[in-house]
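K.L.:
Residue numbers (the numbering used here): 21 to 188.
Got a structure here, written out as structure tokens. Questions coming.
Now the structure itself:
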């Protein structure tokens, strides 16, 4: 009986310590995340989407490794009208994305190895943990401002010109 009381008492004390420490841990984590958002640097490049006989040029950041792809556009408060991020997976495979810690709505343009757009997911919801699958194996994903694909007429079958696809 004494052992049970001691165990219960120590669980209660541990619970209080964790409860009292939680605000400091959360504040520290938020500060780290915000600092990381400012300190994270990606290589930049240009790409062109050929749609309806028009060439639409974007200035993109490149997510080329697991760390960069995991970070993506999280914690960004804005994105210019012709800016985005190109995620390169180096080979075609099914991929999924989510919007956790992403502050702005995004369109996700899923692109095959030859630069052909396979699908577009419009207006992904900020902070959502719902997965957004590619629907097809893809080499890359272009993220742009939510609603931009529709506004610019970007659709499946259009071509993306960029060195990773060997067509630029």
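Cβ coordinates follow ideal geometry from the N, Cα and C atoms, glycine included.
Evaluate contact between the stretch 112 to 121 and the stretch 97 to 104, counting only Cβ atoms and requiring at least three cross-stretch pairs below 8 Å.
P.N.:
With the cut-off at 8 Å, the stretch 112 to 121 and the stretch 97 to 104 do not touch.
K.L.:
Does the beta-carbon distance from residue 161 to residue 130 come in below 9 Å?
P.N.:
Counted from its first residue, the chain shown places residue 161 at position 141. Counted from its first residue, the chain shown places residue 130 at position 110. It is a contact, given that the beta carbons lie within the stated cut-off.
K.L.:
State whether the stretch 72 to 91 contacts the stretch 139 to 153, with contact taken as three or more CB pairs (one from each stretch) at a distance under 8 Å.
P.N.:
Short answer: they don't touch.
K.L.:
Should residue 147 go down as buried or exposed, given a rule of 16 or more other Cβ atoms within 10 Å for buried?
P.N.:
In the chain shown, residue 147 corresponds to position 127, counting from 1. It is exposed - the Cβ of residue 147 has fewer than 16 other Cβ atoms within 10 Å.
K.L.:
Would you call the CB atoms of residue 67 and residue 93 closer than 9 Å?
P.N.:
Indexing the chain shown from 1 puts residue 67 at position 47. Indexing the chain shown from 1 puts residue 93 at position 73. Not a contact, by the Cβ cut-off of 9 Å.
K.L.:
List the endpoints of the continuous alpha helix (DSSP H) containing residue 91.
P.N.:
In the chain shown, the residue the question calls residue 91 occupies position 71. Run containing residue 91: 86 to 91, per the alpha helix (DSSP H) assignment.
K.L.:
Assign residue 179 to one of three DSSP states: helix, strand, or coil.
P.N.:
Here residue 179 is taken as the residue at index 159 of the chain shown, counted from 1. It is a strand residue.
K.L.:
Taking all protein chains shown into account, decide if residue 74 is buried (16 or more other Cβ within 10 angstroms of its Cβ) or exposed.
P.N.:
What you label residue 74 is simply residue 54 of the chain shown in a count that begins at 1. Result: exposed.
K.L.:
Nearest-angstrom Cα distance between residue 89 and residue 171?
P.N.:
By one-based count along the chain shown, residue 89 stands at place 69. By one-based count along the chain shown, residue 171 stands at place 151. Rounded to the nearest angstrom, the two C-alpha atoms are 26 Å apart.
K.L.:
Would you give the residue range spanned by the alpha helix (DSSP H) that residue 154 belongs to?
P.N.:
Here residue 154 corresponds to residue number 134 of the chain shown, with the count starting at 1. Unbroken run through residue 154: none, as it is neither H nor E.
K.L.:
Residues bridged to residue 13 by DSSP?
P.N.:
It is not possible to answer for residue 13, since the shown part of the chain is limited to 21 through 188.
K.L.:
DSSP has residue 104 in a bridge; who is on the other side?
P.N.:
One-based indexing of the chain shown puts residue 104 at position 84. The partner list for residue 104 (beta bridge, DSSP) reads 80, 164.
K.L.:
Within this structure, are the beta carbons of residue 137 and residue 183 separated by less than 9 Å?
P.N.:
Working through the chain shown from its first residue, we reach residue 137 at position 117. Working through the chain shown from its first residue, we reach residue 183 at position 163. Contact flag unset, no.
K.L.:
With distances taken from CA atoms, which of 71, 60, 65, 64 is nearest residue 179?
P.N.:
Mapped onto the chain shown, residue 179 falls at position 159. Nearest option by C-alpha distance: 71.
K.L.:
Could you give the DSSP three-state label for residue 169: helix, strand or coil?
P.N.:
Taking the chain shown and counting its residues from 1, one reaches residue 169 at position 149. Note: residue 169 maps to helix in three-state DSSP.
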